[in-house]
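Residues in the sequence shown are numbered consecutively from 8, following my numbering.
Beta carbons: idealized from backbone N, C-alpha and C, even for Gly.
Everything on this sheet refers to the single structure shown next.
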Amino acid sequence: ESIPKFTVLQRIYLNSNRFTEFPDFLNVSLTLRSLEMSKNEITYIPEERLISMISLIYLDMRKNPIHSLANSCYIDNTLTVKLLSKTFDCDWRMAYVKMLQRMDKIVFDQKPPRCRRPSYLVGIHWDEISLFDLMNVTG
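Shown next, in the form of structure tokens:
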């Protein structure tokens, strides 16, 4: 089921449900400003779903098993994303996430995650990895 057309919602709270995929909010994409989806089972945020949400300024994705925001260029400087993840894939695709974190646009709840890939960075805290390290990871 989808949200009815012409609905004017500004905040949606979908915490502690059993979502495994990031839902389509197309019918509220122009008005939605805050979306809370913590404590679900979402592993990936499709780029096209966030691009359409032009009014979104706060996205809470804490306690979802997200390991990568590889297509994070869709996160702009008007959106703040909260994450709580134990591990991340620490490769060049995450360099933009590192830049957003420096601008306080990616906020980690509690400890920052550790790297789970590549093998020579396994176990190292995200905060100890530099932008240079991410850009030079080859596998």
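query                                                                                              : result
Inter-residue spacing [alpha-carbon to alpha-carbon] between isoleucine 49 and glutamate 55        : 16 Å
Per DSSP, cross-strand counterpart(s) of isoleucine 113                                            : Val88
Exposure of histidine 132, with buried meaning 16 or more beta-carbon neighbours within 10 Å       : exposed
Span of the alpha helix (DSSP H), counted from its first residue to its last, around aspartate 140 : 138–142
Three-way DSSP call (helix, strand, coil) for serine 41 in this model                              : strand
Whether arginine 121 touches lysine 89 by CB criterion (8 Å)                                       : no
C-alpha distance - serine 41 paired with threonine 27, whole-angstrom precision                    : 20 Å
As assigned by DSSP and simplified to three states, the class of glutamine 17                      : coil
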